[in-house]
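Undergrad: So that we are looking at the same thing, I have put the structure below in structure tokens.
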Amino acid sequence: MELLEERIRKDGVVKEGNVLKVDNFLNHQMDIELFREMAQQWKEDFSDCSINKILTIEASGIAIAAIVGAVFGVPVLFAKKSKSLNIDGSVYCAKVESFTHKNVSDVIVSKKYIGPEDHVLIIDDFMANGKAVKGLIEICEMAGATVEGVGIAVEKGFQGGGDALRERGIRVDSLAIVESMDAETGEITFRA
43 MELLEERIRK DGVVKEGNVL KVDNFLNHQM DIELFREMAQ QWKEDFSDCS
93 INKILTIEAS GIAIAAIVGA VFGVPVLFAK KSKSLNIDGS VYCAKVESFT
143 HKNVSDVIVS KKYIGPEDHV LIIDDFMANG KAVKGLIEIC EMAGATVEGV
193 GIAVEKGFQG GGDALRERGI RVDSLAIVES MDAETGEITF RA
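Plus 42 on top of the position in the sequence shown (first one is 1) and you've got my numbering.
The structure is reproduced here in structure tokens:
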């Protein structure tokens, strides 16, 4: 998506350790008009699917997923990173390793909100190694839900997560795939 790539070139900051900061428009301060454009793109790209639920993981994916849910006209469900008192009953649980936070979390979704009748589009802001998405796919599989595809705002293609999912036959639609980044020069190149 050219609009997103231009925004990353303009406002993204490359940091040491393969970190791309886009917090001034994507995952801290949010550009809702950009999110709406992204959601419209996914709506078009997945128009051949009967999606009835959007699934994401807390926290940065929630805002994007909410806009996607509004555009698709379907509910949005997010996997929580810890069990809280307001989740009653049984849950599906998967372990997810975070590239950014360098930790492993149990993520949970209440069994009340996902099941075999669901056709799910997984949405997230970033994908590096693909572990968060794999955890969400695992939850869908436990629930008997159908994963129609995965929508990622920014994929770090050089870290292989998206390609590994594609090799498994998972439909991954990343709106911007970063092929390389250089912390010294700030240069970012995108996959064609």
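No residue lacks a Cβ here, since even glycine has one placed at the ideal position from N, Cα and C. Model, not experiment: these values are computed from the prediction.
Where DSSP assigns a beta bridge to phenylalanine 120, which residues make up the other side?
TA: Note: phenylalanine 120 sits in a beta bridge opposite Thr98.
Undergrad: Determine the burial state of lysine 198: buried for a count of at least 16 other Cβ atoms within 10 Å of its Cβ, exposed for fewer.
TA: It is buried - the Cβ of lysine 198 has at least 16 other Cβ atoms within 10 Å.
Undergrad: If you measure between the beta carbons of lysine 176 and leucine 217, is that distance less than 9 Å?
TA: No, the pair does not count as a contact, with Cβ atoms beyond the cut-off.
Undergrad: Relative to the alpha-carbon of isoleucine 96, which residue among Leu62, Ala234, Asn69, Ile194 has its alpha-carbon at the smallest distance?
TA: Residue Ile194 is the option with its Cα nearest to isoleucine 96.
Undergrad: Span of the alpha helix (DSSP H) holding glutamate 114?
TA: Reading off the sequence shown, one finds phenylalanine at residue 114, where the question assumed glutamate. From DSSP, the alpha helix (DSSP H) with phenylalanine 114 extends over 103 to 114.
Undergrad: Would you list the residues sitting across from serine 152 in a DSSP beta bridge?
TA: Paired residue(s): Val133.
Undergrad: At a threshold of 8 Å, does isoleucine 164 count as lining the ligand NAP (C-beta to nearest heavy atom)?
TA: Although the ligand NAP was asked about, the structure shown includes no ligands whatsoever.
Undergrad: Cysteine 91: which of His161, Leu76, Ile219, Ala121 sits nearest, CA to CA?
TA: The shortest Cα separation from cysteine 91 among His161, Leu76, Ile219, Ala121 belongs to His161.
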